[in-house]
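Just add 11 to wherever you are in the sequence shown, counting from 1, and you've got my numbering.
Okay, structure first, notes after.
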Amino acid sequence: MRPYRLGDIGPAVREINQILAGLDLVASGHDEYDDATENAVRSFQQGRGLTVDGQVGAETWRALEAAQWRLGARALFHAIPEPLVGEDVHALQERLLEMGYDVGRADGIYGPRTARMVAQFQREVGLYPDGACGPQTMHALRRLGRKVVGGRPQWLREAEEFRRNGPNLIGKTIIIDPGHGGDDPGIVVPDGPLRWTEADLSFDLAARLEGRLAAAGMRVHLTRGPVGTGELTDLARAQLANELGGDLFISLHIDGHANTDADGVASFHYGTGNGVTSTVGERLAGLVQREIVARTGLRNCQTHAKTWELLRLTRMPAVRVDVGYLTSPLDRERLIDPHFRDRVVEAVMAAVQRMYFPVEQDVPTGSFDVRELRAAVA
């Protein structure tokens, strides 16, 4: 879908305003995308951990539709082929996690795993285990308190699984996602007779990383090739990563801004405004961020929690890294240098290996020699 933005008029804008009014973010349901609507959309995006651009694109639209539902407002069940999606599903998953039921990541999608955990809860409280959350199940949920205290069980499970995997990279699977591609070049900057694009540079980074991680013994998959047609959405990339069954997911992007003074590297992991975060994803983002800053000299723009579909819907720890600004003359001069891109790749490799080290065996940032990985395999 095309993004809806300031100045648009029509039925879709009226629906956006009605949803925002229901969330107490804007006062009316008129059909004009005015300043009040844009401010309300920005507030909604900020509160949901989305990209704050004031426009309603596909991801923001899906988030708005999901936000309409409150737990108990409708019966929930596993629907095929289109599962129910909404904040009521997310609230149910969070409630089940607090009670010790392993629904996986609270992604707001009523899939088979959520249905199985609902059925397990129903059996334990003496209800018919149909896996659907209707009035009786809701009543039972409200009567019972949480079983798990002292931490969020899903992230504890994730961290423990990672610890059990051991420090060796051999045989582990990593999904590398070069941003954009196909009909979507991403950021484009003309440079005399040349034309630098985010899609091309991010694929080059991904291809270099693929070769080095494969040489270290990992199974590596890329979400796209160097050329192609159509647009691979973040939703499709997350689904592909889940089908491939990766242990880690790293998405590589290059940023851009109207202000050419904007520069630096930033890393993103799954997390919400109320403090819910992927513990392993947050650690990976921090390691990648610090290694790139130490080895390249890029400005440190820190790590950030986001609820982007790319991070929320992947079932493995996932990070997105924005490696510099193509619109910055300083960063662009670095990014078009193949030797600089090699240093970025070495930084990511070092971060991936450090992820699997026990905390007591970790090494200082910038000190790990990635050549040891290839030597160990050889």
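Think of the CB as a built atom: it goes at the ideal place given N, C-alpha and C, for glycine as much as any other residue.
Environment of residue i [buried if 16+ CB atoms lie within 10 Å]
i	result
GLN104	buried
VAL370	exposed
ALA7	The question about residue 7 has no answer here: the residues shown for the chain are numbered 12 through 389.
VAL330	buried
GLU209	buried
HIS101	buried
HIS191	buried
GLU357	buried
HIS390	Nothing can be reported for residue 390, as the shown portion of the chain is limited to 12 through 389.
GLY161	Low confidence applies here, because GLY161 scores a pLDDT of 47, under 50, leaving its location unreliable and the question unanswered by this model.
MET360	buried
VAL332	buried
PRO189	buried
LEU155	exposed
ILE120	buried
VAL37	buried
GLN133	buried
ARG116	buried
GLN56	buried
ASP380	exposed
GLY203	exposed
CB of residue i within 7 Å of CB of residue j, strictly
i	j	result
ILE185	LEU138	no
GLY267	LEU346	no
ARG310	GLY275	yes
MET149	ASP258	no
LEU95	MET128	no
GLY282	ALA316	yes
GLY40	ARG25	yes
LEU31	ALA51	yes
ALA130	PRO140	yes
LEU87	CYS144	yes
LEU212	ILE265	yes
GLU43	ILE27	no
LEU384	ALA273	no
ARG235	LEU298	no
ARG306	GLY377	yes
GLU242	VAL231	no
ASP118	LEU324	yes
LEU61	THR71	yes
ARG124	VAL136	no
For residue i, three-class secondary structure by DSSP
i	result
LEU322	helix
PHE214	helix
GLY162	Residue confidence is low: GLY162 scores 49 on pLDDT, short of 50, so the model does not pin down where it sits. Its coordinate-derived value is still stated next. Coil at GLY162, not helix or strand.
VAL304	helix
ALA358	helix
VAL299	helix
GLY18	coil
THR184	strand
ARG382	helix
GLY282	strand
LEU87	strand
VAL363	helix
VAL374	coil
ASN179	coil
GLY192	strand
THR314	strand
ILE198	coil
ARG343	helix
GLY3	No information on residue 3 is available, as it lies outside the stretch 12 to 389 that the chain covers here.
ASP99	helix
ASP333	strand
ARG206	strand
Anticipated Cβ contact below 8 Å, residue i with residue j, distance rounded
i	j	result
CYS312	ALA277	4 Å
GLN66	PRO22	Wrong, their Cβ atoms sit about 18 Å apart, outside the cutoff.
ARG81	ASP99	6 Å
GLY111	ALA126	Rounded, the Cβ-Cβ distance is 17 Å, inconsistent with contact.
MET229	LEU295	MET229 to LEU295, Cβ: 14 Å. No contact.
ARG382	LEU321	Not really, about 31 Å apart at Cβ, beyond 8 Å.
LEU263	ILE187	7 Å
VAL334	VAL355	6 Å
GLY58	ALA77	About 13 Å separates the two Cβ atoms, so there is no contact after all.
ARG343	VAL200	7 Å
PRO178	PHE214	Their Cβ separation, rounded to whole angstroms, is 30 Å, which puts PRO178 and PHE214 out of contact at 8 Å.
GLY33	GLN79	6 Å
THR271	SER339	6 Å
Below-7 Å beta-carbon distance, residue i vs any chain D residue
i	result
ALA126	The chain labelled as chain D is not found in the depicted structure, where only one protein chain is given.
Identify every run of the alpha helix (DSSP H) within the stretch 34-77, keeping only runs that are complete inside it and at least 4 residues long; order them along the chain.
46-59
Complete alpha helix (DSSP H) runs within the stretch 225-279 (minimum length 4 residues, chain order)
Positions of the alpha helix (DSSP H) runs, each at least 4 residues long and wholly inside the stretch 225-279, are given as 245-255 in order along the chain.
Segments assigned alpha helix (DSSP H), at least 4 residues, entirely inside the stretch 103-159:
123-135, 146-154
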